[in-house]
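J.: In the numbering used here, the protein residues as written are 2 to 159. Using N, Cα and C, we set each Cβ at its ideal position, and we do this for glycine too. Quick caveat, the model's predicted, so the values are computed rather than measured.
1) Under DSSP, the alpha helix (DSSP H) around residue 21 begins and ends at which residues?
2) State the start and end residues of the unbroken alpha helix (DSSP H) segment that holds residue 45.
3) Do residue 131 and residue 65 have their C-beta atoms within less than 8 Å of each other?
4) Between residue 67 and residue 105, what straight-line distance do the alpha-carbon atoms span, to the nearest angstrom?
5) Among 85, 75, 119 and 20, whose alpha-carbon lies nearest the alpha-carbon of residue 54?
6) Leaving out the 5 sequence neighbours to the left and right, which residues in its chain are closer than 8 Å to residue 147 when beta-carbon positions are compared?
7) Return the chain-ordered list of same chain residues with a C-beta closer than 8 Å to the C-beta of residue 73, the five sequence neighbours on each side being excluded.
8) Skipping 5 residues on each side, what residues in its chain have a beta carbon closer than 8 Å to that of residue 123?
9) Does the structure place the region 127-146 close enough to the region 35-52 that three or more beta carbon pairs sit under 8 Å?
10) Round the Cβ separation of residue 92 and residue 76 to the nearest angstrom and send it over; I've been treating them as touching at under 8 Å.
11) Tell me which same chain residues have a C-beta within less than 8 Å of the C-beta of residue 38, skipping the five on either side of it?
12) I'd like to know whether the C-beta atoms of residue 116 and residue 59 end up nearer to each other than 8 Å.
13) Where residue 30 and residue 19 are concerned, what is the direct C-alpha to C-alpha distance, given to the nearest angstrom?
14) Can you give me the start and stop residues for the alpha helix (DSSP H) that residue 83 sits inside?
15) Should residue 111 and residue 127 be called a contact, given that it needs their Cβ atoms to be closer than 8 Å?
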């Protein structure tokens, strides 16, 4: 093994170690704040990689449709909760619009830009804008109603 191979392996090891350290810190921070052992965090990393890969091929990624489904479901559940609580209709509509505005705008931008194969920086920013809302939407749909549950229940839900 010569110096070039050793330096490539060293750089690869440092990169992988940094990714694992960041994921571990995120899991600990999330558990300290919400008491949720958030196991599917690696899936968000995979969603990001697959989304960027499909942008590189000029295709619309499936995360666009997943984001729209999650946002639609969250808006619907908020709408039902607001109607049950007899909140004013204007406030209910505004809350639903706030839930849907960013995901719909980012999804429309992704559908429009994907076939054009924009610069890598634009693709990376669009990937972040598509995958980042998954965390808050999944929390709203799955974990918020279980806020007072035991850690074991939260682990099972994860």
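T.: Answer, in terms of the structure:
1) Counting along the chain, the alpha helix (DSSP H) containing residue 21 begins and ends at 4-35.
2) That run of the alpha helix (DSSP H) goes 42-57.
3) Yes; because the gap between Cβ atoms is below 8 Å, this pair is in contact.
4) It is roughly 11 Å from the alpha-carbon of residue 67 to the alpha-carbon of residue 105.
5) For the residues 85, 75, 119 and 20, the minimum Cα distance to residue 54 belongs to 119.
6) In chain order, 154, 155 and 158 place their CB closer than 8 Å to the CB of residue 147, counting only its own chain and leaving out the 5 sequence neighbours on each side.
7) Cβ neighbours of residue 73 beyond the five flanking positions: 101.
8) Once the five neighbours on either side are set aside, the close Cβ partners of residue 123 are 114.
9) Per the Cβ contact rule, the region 35-52 is in contact with the region 127-146 (3 or more Cβ pairs under 8 Å).
10) At roughly 14 Å, the Cβ-Cβ gap does not stay under 8 Å, so residue 92 and residue 76 are not in contact.
11) Answer for residue 38: 28, 32, 152, 155, 156 and 159, listed in chain order.
12) Yes, the pair counts as a contact, with Cβ atoms nearer than the cut-off.
13) Rounded to the nearest whole angstrom, the CA to CA distance from residue 30 to residue 19 is 16 Å.
14) Note, residue 83: alpha helix (DSSP H), 64-85.
15) Judged by their CB atoms, residue 111 and residue 127 are nearer to each other than the 8 Å cut-off.
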